[in-house]
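In the numbering used here, the protein residues as written are 78 to 455. In this text, a Cβ means the ideal position worked out from N, Cα and C, and glycines have one as well.
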Ligand SMILES: Cc1ncc(COP(=O)(O)O)c(C=O)c1O
């Protein structure tokens, strides 16, 4: 008998139109990290978000690194960032020789706790050493609390960078993710809600920042007929071929959000009343895309631990993953300060990301749920 087909955590989901646009790129011979699809992708992306400017780059990490350059981060400067995140958030700080200071999450959104951010900024102000920036992450498709975070950053006059890599399409009030702070970074990595296989975008309402980002991302080439460089740049621009993929993906983003939310609703219906299972809470202030559906499992009440559930799923050829390990616990970031940390630690011990691809069928989700329920305490 054939084995069950594998259910992946969050695989790419092409619409079909990507190939037409890639063919167009081939036919025009714009096989380069610039070209008409890059320009159009930037424009269409900015229009979708209602921001003024966007620069397409090779990854979300590159976008964050450029943001750190643009706030003039240099060796020894501190940057406050969400602890509950992927390593890229803090890596961007370290690429510039900066010092990440980790801020814990709150239980109500799993995102940066504004009270802890305020406490840390007050402590920094008292020492007379304010950070160069704050990077706030929008986790698993949900915006952080920007009314508060923006106000706090403004009060201390510290630039805010939104790491919206996981939250394209999420909203906060009537604004989309990526429209808060001085700049925001997005990712089009293969597991994201739309993908270019690899890619990213830096967005801002400040044209000077985005022009400077494009300059730095193309090896900081000065205006001259020969190759002239007065500062260090990077090779960070997005390929025209991948921008073609991104344009077709952007068109179907609304459908992808509906599909991811539908997954969540089905999981919630089937698992929401089970003892010991809780879903990532959705804050009142906006709408979460449910890029990934995440649960926490209390082993006492449920009858099995997060890892037992994950391994049972793996045995049935279903991919599920623990939620992010908080950055303040990562060996590579040992020795950096953390304000709080217990909330993210607790979610990390119990949290699991369930298969969440926008191509999942109802049967696929039923298959996942059936395995989870085999472990439920009788
Ligand atoms: C919160 C967060 N920031 C940054 C990144 C980095 O994006 P990329 O993989 O495109 O470099 C990711 C994930 O990929 C992410 O989840």
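Secondary structure of residue 396 (DSSP, three-state): coil. Put simply, of 170, 156, 409, 163 the residue whose alpha carbon is nearest the alpha carbon of residue 197 is 156.
Buried is the label assigned to residue 122, since at least 16 other Cβ atoms lie within 10 Å of its Cβ. Distance between residue 394 and residue 87, taken at the CA atoms: about 14 Å. In the three-state reduction of the DSSP assignment, residue 84 falls in the strand class. In the three-state reduction of the DSSP assignment, residue 206 falls in the coil class, being assigned neither a helical nor a strand state. In the displayed model, residue 429 falls within a strand according to three-state DSSP.
In this structure, residue 181 has its beta carbon at no less than 7 Å from each heavy atom of ligand 1.
Here residue 130 is buried, its C-beta having at least 16 other C-beta atoms within 10 Å. Residue 279 sits in a strand when the DSSP states are folded into three classes. Partner residues in the beta bridge of residue 306, as assigned by DSSP, are 298. For residue 177, the enclosing beta strand (DSSP E) begins and ends at 176 to 180. Spanning the alpha carbons of residue 231 and residue 409 requires a straight line of approximately 31 Å. Inclusion of residue 180 and residue 318 in the CB contact set at 8 Å is not warranted, their separation being larger than that value. Residue 363 carries a strand assignment under DSSP once its states are collapsed to helix, strand and coil.
The beta carbon of residue 347 sits closer than 6 Å to the beta carbons of 446 from its chain, once the five residues preceding and following it are set aside; these are given in chain order.
Only residues of its own chain outside the window of five on either side were considered, and among them 358, 360 have a CB closer than 8 Å to the CB of residue 185, listed in chain order. Three or more Cβ pairs closer than 8 Å define a contact, and the region 199 to 207 falls short of that threshold against the region 216 to 232. Note on geometry: alpha-carbon atoms of residue 134 and residue 371 lie some 29 Å from one another.
Short note on residue 141: C-beta closer than 7 Å to some heavy atom of ligand 1.
For the 8 Å CB-CB criterion, residue 128 and residue 280 form a contact. Setting aside the 5 residues that flank it on each side, residue 355 is surrounded in the same chain by 373, each with a C-beta closer than 6 Å to its C-beta; the list follows chain order. Ranking 345, 392, 413, 329 by CA distance to the CA of residue 435 puts 329 first.
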